[in-house]
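Residue numbers (the working numbering): 5 to 679.
No residue lacks a Cβ here, since even glycine has one placed at the ideal position from N, Cα and C.
What follows is a set of notes on a single structure, which appears directly below.
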Amino acid sequence: MLLSADMYGSMEIKLDESLPPDPVFRQGIRRAPKRELNLSRKEIELALHNALRYIPTGLHDRLAPEFLQELLTMGRIYGYRYRPQGEIKGKPIDQYKGKCIEGKAFQVMIDNNLDFEVALYPYELVTYGETGQVCQNWMQYRLIKRYLEELTDEQTLVVMSGHPLGLFKSGSSSPRVIITNALMVGMFDNQEQWIKAQALGVANYGQMTAGGWMYIGPQGIVHGTFNTILNAGRLKLGIPDDGDLRGHLFVSSGLGGMSGAQGKAVRIAGGVGIIAEVDRSRIRTRLEQGWIDEVVEAPEKAFELAGRKTRNNESHAIAFHGNIVDLLEFAVEKGLNIELLSDQTSCHAPYDGGYCPQGLTFEERTELLRTDKRKFREAVDKSLIKHFECIRQLVEGGTYFFDYGNSFMKAVFDAGAKEIAKNGLDTSEGFIFPSYVEDIMGPMLFDFGYGPFRWVCLSGRKEDLLKTDAAALRCIDPERRGQDRDNYMWIKDADKNKLVVGTQARILYQDASGRRDIALEFNDMVRNGEIGPVMIGRDHHDTGGTDSPFRETANIKDGSNVMADMATQCFAGNAARGMSMVSLHNGGGVGIGKAINGGFGLVLDGSRRVDEIIKTSISWDVMSGVARRAWARNENALLVASEFNKEKGRSEQITLPFLVEEEIIKKTMKIVDWE
Numbered sequence: 005m006l007l008s009a010d011m012y013g014s015m016e017i018k019l020d021e022s023l024p025p026d027p028v029f030r031q032g033i034r035r036a037p038k039r040e041l042n043l044s045r046k047e048i049e050l051a052l053h054n055a056l057r058y059i060p061t062g063l064h065d066r067l068a069p070e071f072l073q074e075l076l077t078m079g080r081i082y083g084y085r086y087r088p089q090g091e092i093k094g095k096p097i098d099q100y101k102g103k104c105i106e107g108k109a110f111q112v113m114i115d116n117n118l119d120f121e122v123a124l125y126p127y128e129l130v131t132y133g134e135t136g137q138v139c140q141n142w143m144q145y146r147l148i149k150r151y152l153e154e155l156t157d158e159q160t161l162v163v164m165s166g167h168p169l170g171l172f173k174s175g176s177s178s179p180r181v182i183i184t185n186a187l188m189v190g191m192f193d194n195q196e197q198w199i200k201a202q203a204l205g206v207a208n209y210g211q212m213t214a215g216g217w218m219y220i221g222p223q224g225i226v227h228g229t230f231n232t233i234l235n236a237g238r239l240k241l242g243i244p245d246d247g248d249l250r251g252h253l254f255v256s257s258g259l260g261g262m263s264g265a266q267g268k269a270v271r272i273a274g275g276v277g278i279i280a281e282v283d284r285s286r287i288r289t290r291l292e293q294g295w296i297d298e299v300v301e302a303p304e305k306a307f308e309l310a311g312r313k314t315r316n317n318e319s320h321a322i323a324f325h326g327n328i329v330d331l332l333e334f335a336v337e338k339g340l341n342i343e344l345l346s347d348q349t350s351c352h353a354p355y356d357g358g359y360c361p362q363g364l365t366f367e368e369r370t371e372l373l374r375t376d377k378r379k380f381r382e383a384v385d386k387s388l389i390k391h392f393e394c395i396r397q398l399v400e401g402g403t404y405f406f407d408y409g410n411s412f413m414k415a416v417f418d419a420g421a422k423e424i425a426k427n428g429l430d431t432s433e434g435f436i437f438p439s440y441v442e443d444i445m446g447p448m449l450f451d452f453g454y455g456p457f458r459w460v461c462l463s464g465r466k467e468d469l470l471k472t473d474a475a476a477l478r479c480i481d482p483e484r485r486g487q488d489r490d491n492y493m494w495i496k497d498a499d500k501n502k503l504v505v506g507t508q509a510r511i512l513y514q515d516a517s518g519r520r521d522i523a524l525e526f527n528d529m530v531r532n533g534e535i536g537p538v539m540i541g542r543d544h545h546d547t548g549g550t551d552s553p554f555r556e557t558a559n560i561k562d563g564s565n566v567m568a569d570m571a572t573q574c575f576a577g578n579a580a581r582g583m584s585m586v587s588l589h590n591g592g593g594v595g596i597g598k599a600i601n602g603g604f605g606l607v608l609d610g611s612r613r614v615d616e617i618i619k620t621s622i623s624w625d626v627m628s629g630v631a632r633r634a635w636a637r638n639e640n641a642l643l644v645a646s647e648f649n650k651e652k653g654r655s656e657q658i659t660l661p662f663l664v665e666e667e668i669i670k671k672t673m674k675i676v677d678w679e
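Written as structure tokens, this is what we have:
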């Protein structure tokens, strides 16, 4: 069926009838590798229909061959022609058009996600994590921006997997944008169907904060990485609670979007880090940004330099340009002591370029991905198993290895090394090495409600960021808990540590009351004209934002770690309480089908209305996760939930479990002969 001219005329917000100029690509900007294309001829025809439906009909004949060429050469239709010319950056909010402050604020966030200095593959709309996209294509980007320019405070924009479904009447207390990404029906929620859905142009891998428009560059992960590495040392190396990593070594891999924080984090923690990376452009980016100190090309040079720095108690971030397996093989062969070891390659997408096999340069990896996917997959599996063997030998020698929630252990299991599973058969009982959430982040931070609270100064002024730093510092009592002491020092030194990449933003792992108090203070400062508007949010990787047995819920041991109730309820509750933007995604850093995660954004405009949203929504966003963790019998969450109940009385209450003595269970189990 063809629509009549009258039907087309009913749509007032749409792309122009004129053809944008030919795309121009700046040399030296990273480009995504070719993605897997598993479509039949009929499905390729469908993918063309799906992409061209954004385009006025008079341009179809011109663009259909262009889109087909993109699909065949890149595995996806990105619509490069519709990308605005030049560099995209998050500009000050007053430089954007819009009918409400939220519509302009979201444009700041989207453009910051696609900044050449921030995004991993900016031309393919990939912000980080190898595949995490703001939206699927540049037609969606343009259309979203047009809708945001028209959005009023009585409307909600609905975005489904990058597609702006449209503007709908709501109310001033409703979310201005609701986003979902890749929420596939259960029986289709697998890698093969997912790849097909992406190629068809009906699914978007939002990762976490990419598709939720809340990514703030590597700073967004650096405080969590700092907390993880520092507390790993305190947990395993005998470092006192108020001590740092001075004189200690951390080894890992990856200097991309998320993993790029590792060098900076270990340096702030006072230690020495060796971070392996095969892509020289990512190393160059981190070196230019000051997130690593120097680059070496040989394993022996890396360990020699690290040894000298640890002996002198100097903090130092070393990039090893090479494969992590080469680095670890050298350590095993020479009997070197690696105290703390992890990995941050994008193992949620190992066969899409997220993991570079040993023996291939980065350029050879990209070419093999394009020409022989089967051979590439075989090389990945072989390398992952060798990687695992190195880790196992190092752990036997005293190394503390933790999975960094990047699906590394699951990737090793899928590669054929079943012995990485605790039961040697399947992943139902977990793995032989701990996830960082199991040992560190879960019990020491998430169970208390501490998670990655973040804010963006929408004015783009550094002086506003410095004022918010000072305000946050006033809200933190360093004597309250050890986490607050660490937070106080973090914010006090934030500007000195030069954390900003992209727009003026900050990250701080805070609990429910801390986030609430800081947000109220910021909103009051906006009201008094001390600073411009601020957008607050968080990483979805938080106390209650994500359900994933491979990461965020890894330390929930009552069997509910595979349930997606928490993230879904958190999302719905934030929408009900009036957050400016709410999002819910499938996937995240562990891969499709392995997590459901939700996020939010709230624009602080200085109004009393926003004060009330802060008071109700921040507590819900954090405490819903603490409540779930308390019900799972997590000790620290039980303490926090009990304190909450005592403070709130009957106005708010969390259901707490009655704990059963282990002896009663053991005695009961003796009733039946289990042999």
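Beta-carbon proximity of residue i to residue j, cut-off 8 Å
i: Gly210; j: Gly136; result: yes
i: Gly536; j: Cys461; result: yes
i: Arg35; j: Glu121; result: no
i: Met218; j: Gly603; result: yes
i: Ala201; j: Asn117; result: no
i: Phe230; j: Ala269; result: yes
i: Gly277; j: Gln266; result: yes
i: Gly455; j: Tyr513; result: yes
i: Thr472; j: Val538; result: yes
i: Tyr151; j: Ile17; result: yes
i: Leu259; j: Ala310; result: no
i: Thr375; j: Val282; result: no
i: Ala203; j: Asn42; result: yes
i: Asn501; j: Ile272; result: yes
i: Thr184; j: Leu477; result: no
i: Asp551; j: Met570; result: yes
i: Ser177; j: Gly610; result: no
i: Lys390; j: Val329; result: yes
i: Leu398; j: Leu332; result: yes
Cutoff 6 Å; reference residue i; Cβ partners in own chain excluding five residues on either side
i: Tyr84; result: Pro27
i: Ser584; result: Glu106, Arg180, Gly605, Leu606, Val607
i: Ala509; result: Ile220, Val460
i: Gly446; result: Asn559
i: Leu56; result: His64
i: Gly386; result: The residue you asked about is not Gly; residue 386 is Lys in the sequence shown. Cβ within range, chain order: n/a, list empty.
i: Asp255; result: The residue you asked about is not Asp; residue 255 is Val in the sequence shown. These residues qualify, in order along the chain: Ile278, Ile342, Leu345.
Residue from the options whose Cα sits closest to the Cα of residue i
i: Arg542; options: Met11, Gly228, Arg66; result: Gly228
i: Gln657; options: Val664, Phe648, Val504, Leu663; result: Phe648
i: Leu75; options: Val138, Gly205, Cys139; result: Gly205
i: Arg286; options: Asp528, Asp20, Ala123, Ile444; result: Ala123
i: Lys93; options: Phe172, Met78, Gly170, Thr131; result: Thr131
i: Arg519; options: Asp625, Ser14, Leu249; result: Asp625
i: Thr547; options: Arg633, Ala576, Ile596, Ala415; result: Arg633
i: Val299; options: Met143, Arg284, Pro553; result: Arg284
i: Glu301; options: His325, Arg290, Glu308, Lys313; result: His325
i: Lys149; options: Asp157, Glu158, Pro168, Asn601; result: Pro168
i: Gly251; options: Leu291, Leu398, Glu318; result: Glu318
i: Leu663; options: Asn638, Thr507, Lys674, Gly653; result: Asn638
Residue i, DSSP secondary structure in three states
i: Glu446; result: The sequence given here has Gly at residue 446, not Glu. Helix at Gly446.
i: His545; result: coil
i: Asp407; result: strand
i: Asn208; result: coil
i: Leu253; result: strand
i: Lys173; result: strand
i: Gln89; result: coil
i: Ala280; result: strand
i: Leu161; result: strand
i: Met585; result: strand
i: Ser387; result: helix
i: Asp246; result: coil
i: Glu134; result: coil
Cβ neighbours of residue i in the same chain (closer than 7 Å, five flanking residues each side left out)
i: Met413; result: Asp407, Ile424, Phe435, Phe437
i: Phe452; result: Gln487, Asp515, Asn640, Val644
i: Val226; result: Ala265, Lys268, Ala269, Leu503, Ile511
Integer Cβ distance of residue i from residue j, believed to fall under 8 Å
i: Arg555; j: Ser439; result: 6 Å
i: Leu52; j: Phe71; result: 6 Å
Neighbourhood of residue i by C-beta distance below 8 Å, restricted to the same chain and skipping five residues each side
i: Glu91; result: Arg30, Asp119, Phe120
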